[in-house]
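For the sequence shown, our numbering assigns the number 2 to the initial residue and increments by one for each residue that follows.
Each residue gets a CB set at the ideal place from its N, CA and C atoms; glycine is no exception.
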Amino acid sequence: MKSQVVLKIKSNIKLAKNIFLMKIFGYIENLPVPGQFINIKIENFFLRRPFSICNFKEDTISIIYKIVGKGTKSLSKMKPNKSLNVLYPLGNGFDLNDVEKRGKIILVGGGVGIPPLYFLAKELKKLKINFEVVLGFTTYEESFFVKEFLDISKLHVASIDGKIGKKGLVTDILKEISHDYYFTCGPLAMLKAVHKIGKEGQLSLEERMGCGFGACMGCSLRTSTKVKRVCAEGPIFKSSEVVF
Ligand SMILES: Cc1cc2nc3c(=O)[nH]c(=O)nc-3n(C[C@H](O)[C@H](O)[C@H](O)COP(=O)(O)OP(=O)(O)OC[C@H]3O[C@@H](n4cnc5c(N)ncnc54)[C@H](O)[C@@H]3O)c2cc1C
Ligand code: FES
Numbered sequence: 002m003k004s005q006v007v008l009k010i011k012s013n014i015k016l017a018k019n020i021f022l023m024k025i026f027g028y029i030e031n032l033p034v035p036g037q038f039i040n041i042k043i044e045n046f047f048l049r050r051p052f053s054i055c056n057f058k059e060d061t062i063s064i065i066y067k068i069v070g071k072g073t074k075s076l077s078k079m080k081p082n083k084s085l086n087v088l089y090p091l092g093n094g095f096d097l098n099d100v101e102k103r104g105k106i107i108l109v110g111g112g113v114g115i116p117p118l119y120f121l122a123k124e125l126k127k128l129k130i131n132f133e134v135v136l137g138f139t140t141y142e143e144s145f146f147v148k149e150f151l152d153i154s155k156l157h158v159a160s161i162d163g164k165i166g167k168k169g170l171v172t173d174i175l176k177e178i179s180h181d182y183y184f185t186c187g188p189l190a191m192l193k194a195v196h197k198i199g200k201e202g203q204l205s206l207e208e209r210m211g212c213g214f215g216a217c218m219g220c221s222l223r224t225s226t227k228v229k230r231v232c233a234e235g236p237i238f239k240s241s242e243v244v245f
């Protein structure tokens, strides 16, 4: 069940070029699951901004965001102790039913699609499920959380500028390592390429959002079965229902 709460900023630090890690804390009643997101009300902006939950611990939720427009720019200037109106946890989250029967699991993340996969990686580790992680960055300057993933998983990294990991795309790495099932989040071109490989998996999709909780149909998306709302029936979709 979703709640609208006022949480406070614990920290808001720059992780990489234009990329920030924000921790917000307070009384967290409804515990989130990996793949879910929060919707933050930013002063002077009518629409809330959605961000995936990157980590959750006791009274603290972490998000990682990239400055892409006025809302995220404003977020990056916020200082600790500032109150934030937050709607959470939103969306369906990754389906981990029978995950132990899926064979070799791989997590594939690109850019600011990486945050929800960190929460997922921690959960899989807790469940004692083996998995490997493939992360893709455009440049070394925009890379983040490499050490954090290394601490909990076998990690492969690709970057376009070749300054961190293998030069190229995550799909270049995917061609080299066998896997049976994937969880992925990242830029549309990456999601399409991962989907095209043809294995079974789950994809976290993005759409521009209005309400964020299923009321406005603003985030509707065509799937193989019917039109679904990314904020309510998603953002996680099975590979079999995704139509690119
Ligand atoms: C489910 C979900 C999870 C997300 N998780 C993350 C995350 O973990 N880290 C991160 O950096 N970004 C994430 N995004 C994208 C993030 O919401 C946008 O980058 C952000 O809203 C841009 O706001 P802005 O005011 O800076 O940009 P502007 O372009 O000025 O925003 C204008 C409007 O478009 C919407 N918008 C812009 N880009 C997107 C987008 N890609 N998806 C949805 N709405 C968008 C904004 O919410 C706003 O209503 C997520 C988006 C969705 C839908
Ligand atoms: S954003 Fe309103 S229904 Fe999804």
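Handout entry: Neighbourhood of K200 by C-beta distance below 7 Å, restricted to the same chain and skipping five residues each side
Key = Within the sequence shown, numbered from 1, the residue matching residue 200 stands at position 199. Contacts found: H180, D181, Y182, Y183.
Handout entry: Complete beta strand (DSSP E) runs within the segment 39–106 (minimum length 3 residues, chain order)
Key = 50–53, 56–58, 61–67, 84–91
Practice task
Specify the secondary structure class of G112 as computed by DSSP and reduced to three states.
Solution key: If you number the sequence shown from 1, residue 112 lands on position 111. Of the three classes helix, strand and coil, the one that applies to G112 here is helix, per DSSP.
Problem - Cα-Cα separation, L192 to L204 - result: Working through the sequence shown from its first residue, we reach residue 192 at position 191. Working through the sequence shown from its first residue, we reach residue 204 at position 203. Each residue's alpha carbon lies about 7 Å from the other.
Practice task
Any chance you could list the beta strand (DSSP E) runs of at least 3 consecutive residues sitting entirely within the segment 158–189, in chain order?
Solution key: 182–186
Handout entry: C-alpha gap between M79 and N45, whole angstroms
Key = Working through the sequence shown from its first residue, we reach residue 79 at position 78. Working through the sequence shown from its first residue, we reach residue 45 at position 44. Rounded to whole angstroms, M79 to N45 spans 14 Å at the Cα level.
Practice task
Assess, as a yes-or-no matter, whether the segment 156–171 is touched by the segment 114–126 under the definition of 3 or more beta carbon pairs within less than 8 Å.
Solution key: no
Practice task
Note down the Cα distance separating F245 from T224, rounded to an integer number of angstroms.
Solution key: Counted from its first residue, the sequence shown places residue 245 at position 244. Counted from its first residue, the sequence shown places residue 224 at position 223. In a straight line, the C-alpha of F245 is about 9 Å away from that of T224.
Problem - Beta-carbon contacts of K15 that lie in its chain and below 6 Å, excluding the five residues immediately before and after - result: Stepping through the sequence shown from its first residue, residue 15 is reached at position 14. Same-chain partners within the cutoff: F21.
Handout entry: Own chain partners of I10 with C-beta closer than 6 Å, once the 5 adjacent residues on each side are dropped
Key = Locating residue 10 in the sequence shown gives position 9, where the first residue counts as 1. Same-chain partners within the cutoff: I25, M79, P81, K83.
Exercise for the section: Going by DSSP, name the residue or residues bridged to N13. Expected result: Here residue 13 refers to the residue found at position 12 when the sequence shown is read from its first residue. Answer by DSSP bridge pairing, in chain order: M23.
Exercise for the section: Using only alpha-carbon positions, find the residue among L206, E234, T226 that is nearest to M218. Expected result: Here residue 218 refers to the residue found at position 217 of the sequence shown. Considering only alpha carbons, the answer is E234.
Problem - Chain-ordered list of residues that sit, by beta carbon, closer than 7 Å to a heavy atom of ligand 2 - result: M210, G211, C212, G213, F214, G215, A216, C217, M218, G219, C220, R230, V231, C232, A233
Practice task
Could you have a look at S144 and say whether DSSP puts it in helix, strand or coil?
Solution key: Stepping through the sequence shown from its first residue, residue 144 is reached at position 143. Coil, per DSSP.
Problem - Beta-carbon proximity of F138 to G169, cut-off 8 Å - result: Translated into positions along the sequence shown, residue 138 becomes position 137. Translated into positions along the sequence shown, residue 169 becomes position 168. Cβ distance not < 8 Å, so F138 and G169 don't count as in contact.
Handout entry: Rounded separation between V109 and P35 - CA only
Key = For the purposes of this step, residue 109 is identified with residue 108 of the sequence shown, where counting begins at 1. For the purposes of this step, residue 35 is identified with residue 34 of the sequence shown, where counting begins at 1. Spanning the two alpha carbons is a distance of roughly 14 Å.
Problem - Contact check, P117 vs C212, beta carbons under 8 Å - result: Taking the sequence shown and counting its residues from 1, the one referred to as residue 117 is at position 116. Taking the sequence shown and counting its residues from 1, the one referred to as residue 212 is at position 211. Not in contact: P117 and C212 (Cβ atoms no closer than 8 Å).
Exercise for the section: Specify the secondary structure class of E124 as computed by DSSP and reduced to three states. Expected result: Counted from its first residue, the sequence shown places residue 124 at position 123. In this structure, E124 counts as helix in the three-state DSSP scheme.
Problem - Residue interval of the beta strand (DSSP E) (run including K239) - result: For the purposes of this step, residue 239 is taken as residue 238 along the sequence shown, with counting starting at 1. Per DSSP, K239 belongs to the beta strand (DSSP E) from 237–239.
Exercise for the section: State buried or exposed for N40, treating a residue as buried only when at least 16 other CB atoms are found within 10 Å of its CB. Expected result: Indexing the sequence shown from 1 puts residue 40 at position 39. Under this definition N40 is a buried residue.
Practice task
Mind the definition here: the segment 60–73 touches the segment 124–132 only if three or more C-beta pairs lie below 8 Å; say whether that holds.
Solution key: no
Problem - Y66 beta carbon near ligand 1 (any heavy atom closer than 7 Å) - result: For the purposes of this step, residue 66 is taken as the residue at position 65 of the sequence shown. Result yes, Cβ under 7 Å from ligand 1.
Practice task
Give the DSSP-derived three-state secondary structure of F245 in the structure shown.
Solution key: Counting from one through the sequence shown, the residue named residue 245 turns up at place 244. Coil.
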